[in-house]
Every structure is written in structure tokens, then in C-alpha cells.
Amino acid sequence: MNIYKSPFADVAITEQSITERVFAGLQNRMDEVVLTDGPTGRTLNAAEFMDQVKRLAGGLTAAGYGHGHTVALMAPNIPEYCVIFHAVALAGGTITTLNPTYTANEVNHQLSDSQAEILITIPDFMDVASDGAGDTPVIAIGSPEFTALFGEPLSGQVPVDLDKHTVVLPYSSGTTGLPKGVMLSHRNLVVNTDQIIEAADFKPGEVAAGFLPFFHIYGMTVLMNVHLAGGGAVVTMPRFDLPMFLKICQDFKSQRMWIVPPVALALAKHPLVDDYDLSHVHQVFSGAAPLGAELSDAVGKRLDCNSLQGYGMTELAPVSHVSPGRAPRSGASGLAVPNTACRIVDIESGTDLPAGKEGELWIKGPQVMQGYLNNPKATAETITEDGWLRTGDIAKIDADGYMFIVDRLKELIKFKGFQVAPAELEATLVAMEGITDAAVIGLPDPEAGELPIAFVVTGDPAPDEAAIRAHLDTQLAHYKQVHQVHFVDEIPKSASGKILRRLLRDQVAKD
Numbered sequence: 021m022n023i024y025k026s027p028f029a030d031v032a033i034t035e036q037s038i039t040e041r042v043f044a045g046l047q048n049r050m051d052e053v054v055l056t057d058g059p060t061g062r063t064l065n066a067a068e069f070m071d072q073v074k075r076l077a078g079g080l081t082a083a084g085y086g087h088g089h090t091v092a093l094m095a096p097n098i099p100e101y102c103v104i105f106h107a108v109a110l111a112g113g114t115i116t117t118l119n120p121t122y123t124a125n126e127v128n129h130q131l132s133d134s135q136a137e138i139l140i141t142i143p144d145f146m147d148v149a150s151d152g153a154g155d156t157p158v159i160a161i162g163s164p165e166f167t168a169l170f171g172e173p174l175s176g177q178v179p180v181d182l183d184k185h186t187v188v189l190p191y192s193s194g195t196t197g198l199p200k201g202v203m204l205s206h207r208n209l210v211v212n213t214d215q216i217i218e219a220a221d222f223k224p225g226e227v228a229a230g231f232l233p234f235f236h237i238y239g240m241t242v243l244m245n246v247h248l249a250g251g252g253a254v255v256t257m258p259r260f261d262l263p264m265f266l267k268i269c270q271d272f273k274s275q276r277m278w279i280v281p282p283v284a285l286a287l288a289k290h291p292l293v294d295d296y297d298l299s300h301v302h303q304v305f306s307g308a309a310p311l312g313a314e315l316s317d318a319v320g321k322r323l324d325c326n327s328l329q330g331y332g333m334t335e336l337a338p339v340s341h342v343s344p345g346r347a348p349r350s351g352a353s354g355l356a357v358p359n360t361a362c363r364i365v366d367i368e369s370g371t372d373l374p375a376g377k378e379g380e381l382w383i384k385g386p387q388v389m390q391g392y393l394n395n396p397k398a399t400a401e402t403i404t405e406d407g408w409l410r411t412g413d414i415a416k417i418d419a420d421g422y423m424f425i426v427d428r429l430k431e432l433i434k435f436k437g438f439q440v441a442p443a444e445l446e447a448t449l450v451a452m453e454g455i456t457d458a459a460v461i462g463l464p465d466p467e468a469g470e471l472p473i474a475f476v477v478t479g480d481p482a483p484d485e486a487a488i489r490a491h492l493d494t495q496l497a498h499y500k501q502v503h504q505v506h507f508v509d510e511i512p513k514s515a516s517g518k519i520l521r522r523l524l525r526d527q528v529a530k531d
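Structure representation (C-alpha cells):
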């Protein structure tokens, strides 16, 4: 096997639950504000947070929602989210986190599949939550029923098997198929929290603008758990709003921005950025999707800071790779985090590939999930018998161990036998002046198999099709050129890859 091991020192595997790990990071700063609600300014210091977690854990236990029970949580990023999450964990329960934009049908599916016994939400979501919950009780944060759940405080963690007990159950499509419950243990979360603190060189006192949703594993681990456990603080945002995000970063003197590629695009190109003092920002860290080297470099240049990437997925709790600030590499998704190994495997033969070759990325480490809930077939297809997780992503690793994502295995365009990566084309398009967003799909073609076609959103000045083609011709090989360019008002961001391709193909038919 051609295995790439982490260059970072291993982190200790502690015998702590995730809430015990977070509490350990709070004990010596009880008077410090650790959670601030961005829109209202209300705060919780470490002592208040720990007290509320313990009292809610005690109340949930007394009400029959403690050890061995599943609590569903559907809310935006607010301080109460963190309290509820860790109260359920401390009580020995399981939290399943729901996307607040779900429809009633989607709520019903996750509640049924996870066998959640109660759903906690906010008043604004009560109608949808109640419609989807059926006979499952629904309680709104801030209501008398919610307040009544706070009881006698638990003195400590209800005993659980740190390796086998599922503490959180987020839902992910994985490499294929419909959303599945990803079973993550206390061990998964604690280890990944410590892996990130070490690899990202997280420092006590860091305050982040927290728009990355806590229901998603990126926000859950990197914002909520890393900041609380690592000596930092979070200013919560219920949704992304560029002026609020910039103001929080300015007012709280944020040293690091945790973002996603669409926000990188705004930081690189939006004029509003110049209205704020972001001189304290020394690092912008993007995850959740590949970020093109050109756009990443543009962000770093504009903010005069390091612009880095990481890699992960829900099934990895979520981080497996981090670009180190001390040794950044343009376009790289980073180096394997502590206690983690990876390899590149040929898609057709299953053999290991050497440095520089493209294949499927496989990962092994203590952050790898337990499996998919009620789906042993999908689990077996994703995790090998000897513990390697097949990511479904196409990547390459250079001679120094830096990993670069090329694309997703399932989204590759096959053009006359050549593999064309939509992500690479999209990054090249967005790097062009006058293009603010782009999507590339494969259009079925009887001769070529699939033709790469592009959908672009333009700004001012807006390039025409000839200019776009000329730009691509200077940047990419002949087989990666687009065969059509369609100008659209927006690229749907909430759609999955499969749905997005269908929507864009429908647009081609209309044109």
C-alpha cells in the first residue's frame, strides 16, 4: 500500500465524552463570554453555559429523554443550540440534527428514521415541525414547556461507551443515494476536535462569526466544539448575512474566518468588504467544497492574510485534512490531520497510486464514523473491512503529502474517454474577471458521451461567450473546453448535485 501518514504529532486519545472535553476547555475561564447571539448581543459566559447544560441534562433525564433516547433538534445558530446539544450528550442521549429549511416531509423522514422521541425547534418553525412530527412531541425554545425541561443539574456525564454510543446522528447522502443517518460516537467527536485544534494551530481567545450551521458537521465540530473546547468563543448567526458577518469579524477582532466557497467569492469580489476593518484577520479557512487556487489566492491577496483549505465529510466527524498556516500551498486541501492516514486508489483496478496520480481518496483514522444507521449495505460499501473509508472524491497527493481534490467520483464528465472535472472548470470560470458564479455539467451526446457545458452568472463588466471561451482555452486542455455557455441569473445553491444537473439541463432545453 502507498499510504500517506499525517506529518502532525498524534493527539492523545482521552477517555472523555464530547461534553466533558468541552467543559475541560471552559473550567479555567468561567467568567469569559463564550457564546454571543449576533443579532441581539445577548451572551452566555462559561459558567452560565455549563450550568444550563447540566440543568437541561437533568431535566431531560427526569422527563424520560436521557440515556438511550434520541432528541431531534431543528434550529438556526443560536446560543441555545449549543446548550441543547451538550445537554443531550451529557445525559447519555443521541442528538439528531435537522436542517431548519426542511419541509414537513423531510422532517418526518428524519424523525422516523432516527426514531427521535421529541423535537426541539424555535417558534418560527413550529408549523412545519408540527406538520412533520406526527405524534412526536414538539417543543419551542423559549416556551414555558421548554423552560420546564430544566431541572436538577446532573453532576457529570451519564456513563456511555465512548466508542460505540452514537452521540450525534446528522444526515448525509454519503457518496451516493438518499440521506442516511451518520452514526458518530463521542470518540469520533472528541478526537476530531483535538485533531483540528492541533492541525489548524487553534489559539485560546479566538472569536469567530458563526454562520456555518450547527446542524451541519462542519459548523458543529469546527465552530461549536473546537471554539468551546479550545479556549475560544463564537458569535452565532442564524443565517449568512455579509454585512453582519463582516461587522462581527471587525468588532470582535476575529483572527480567523471559517467559510465556504460562496463566501470566499464575496470576500474576493464584493465592494462591501472594503468598508470594514479586517486587519486582525490572519487566516481565511474554507471547507465543505473545493476552492479553486485562483479564488483562494484572490481572497488572501485582498485581505492580506493566509487563505487556506481543509477537507472533510460528515462521515469523518468531519475533518481529515487541514492546510497548515505555517506552510500553505495554493489550491491544496491540506495535509492529513493527526492520527490519520490516506491513500489514492485507482477507480477501475482498486490498486494504490503513486504521488501525483488521480484516483479515489481513502481515509483511515479514529474520526471515521461507526456506520450508517439501519443501513449495513451502505456502510459496507463505504468502509472497507480493514477500516478504510471510501470518500467518493477524486484527488491527488503530491510528493510532500499535500492533497488536492479534483472532483467527486459521481460527478465526473466523460468526454470521448477523457475524464473532465466540473469543479476544475468552475474554479477556472469564477477566476475570470466579470464572472461571479458558475456551474458545469455534462450534457449527454451520442458521439462524445457527454459534452461539458457551462452556466455562468456575470457581474460588471460582463464577458461575452467568445471572451469566456478564449479564457478557458488559455487555461485548460482541449478536452476540458466547454461546448456551450449559458448566461443565468443565479446558480441554485440548495440543490444537490443530481438535482442541480437536472435543473440546468432543463435550462438548456428552454434555451
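To convert, note that position 508 of the sequence shown is 528 in our numbering; the numbers rise steadily by one, no gaps. Cβ coordinates follow ideal geometry from the N, Cα and C atoms, glycine included.
| Query | Result |
| --- | --- |
| Under a Cβ-count criterion, where at least 16 other Cβ atoms within 10 Å of its own Cβ denotes burial, should MET333 be classed as buried or exposed? | buried |
| Closest to ALA149 by CA distance: which of HIS89, THR494, THR123 is it? | THR123 |
| Closer than 6 Å by C-beta to ILE161: which residues in its own chain qualify, once you throw out the five before and the five after it? Chain order, please. | GLU100, ILE142 |
| Pick out the complete beta strand (DSSP E) segments inside the region 88 to 141, 3 residues or longer, and give them in chain order. | 90 to 93, 114 to 117, 138 to 141 |
| Straight-line CA distance for THR167 to ASP155? | 21 Å |
| Could you say which of PHE475, ALA468, ASP465 lies nearest to ALA458 if we only look at CA atoms? | PHE475 |
| Nearest CA to the CA of MET389: which residue from THR186, GLU510, LEU262? | THR186 |
| Do you know how far the Cα of ASN48 is from the Cα of ALA400? | 43 Å |
| Can you check DSSP and say which residues form a bridge with TRP278? | PHE305 |
| With three or more beta-carbon pairs closer than 8 Å as the criterion, would you say the region 27 to 45 touches the region 244 to 260? | yes |
| Can you check which of these residues, TYR499, THR360, GLY421, is closest to VAL211 by C-alpha distance? | THR360 |
| Taking all protein chains shown into account, decide if HIS498 is buried (16 or more other Cβ within 10 angstroms of its Cβ) or exposed. | exposed |
| Excluding the 5 residues flanking GLY307 on each side, which residues of the same chain have their C-beta closer than 6 Å to its C-beta? | TYR238, GLY330 |
| Taking the alpha carbon of LEU449 as the reference point, which residue from GLY113, MET240, PHE507, LYS384 has its own alpha carbon closest? | PHE507 |
| Are the region 345 to 358 and the region 371 to 378 touching by the rule of at least three beta carbon pairs closer than 8 Å? | no |
| Using only the alpha-carbon positions, how far apart do ASP509 and VAL440 sit? | 25 Å |
| Just to confirm, is the Cβ distance from GLN387 to ALA356 under 7 Å? | no |
| Which ranges does the alpha helix (DSSP H) cover as unbroken runs of at least 4 residues, wholly within the region 386 to 423, from first to last along the chain? | 396 to 402 |
| To the nearest angstrom, how far is it from the Cα of GLY469 to the Cα of LYS436? | 6 Å |
| DSSP has CYS362 in a bridge; who is on the other side? | TYR24, ILE383 |
| How is the alpha helix (DSSP H) around THR456 delimited, first residue to last? | Taken as a continuous stretch (DSSP letters only), THR456 belongs to no alpha helix (DSSP H), being part of the beta strand (DSSP E) at 455 to 465. |
| Let me make sure I understand the geometry here. Which of ASP261, ALA309, GLN36, GLY225 has the alpha-carbon closest to that of HIS300? | GLY225 |
| Using the DSSP secondary-structure output, state which residues sit across from ALA356 in a beta bridge. | HIS341 |
| Around the C-beta of ILE403, are 16 or more other C-beta atoms found within 10 angstroms, so that it is buried, or is it exposed? | buried |
| Any chance you could list the beta strand (DSSP E) runs of at least 3 consecutive residues sitting entirely within the region 479 to 513, in chain order? | 504 to 507 |
| Kindly indicate which residue of PHE424, ILE417, ASN394, VAL339 has the alpha-carbon position closest to the one of GLY312. | PHE424 |
| Quick check on PHE475: does DSSP put it in helix, strand or coil? | strand |
| Figure out for me which residue from ALA482, LEU471, ASP427, LEU463 has the closest Cα to the Cα of MET452. | ALA482 |
| Considering Cα atoms alone, identify which of ALA67, PRO233, ASP151, ASP181 is closest to THR114. | ASP181 |
| Cα-Cα, which of SER192, ARG259, ALA67, VAL505 is closest to GLY58? | ARG259 |
| Taking the alpha carbon of TYR85 as the point to measure from, which residue in ALA443, PHE69, GLU137, THR116 has its own alpha carbon closest? | GLU137 |
| Would you report the Cα separation of LYS518 and ARG428, rounded to the nearest angstrom? | Model confidence at LYS518 stands at a pLDDT of 49, short of 50, so the residue's coordinates are unreliable; what they give is reported in the following sentence. So the alpha carbons of these two residues sit roughly 12 Å apart. |
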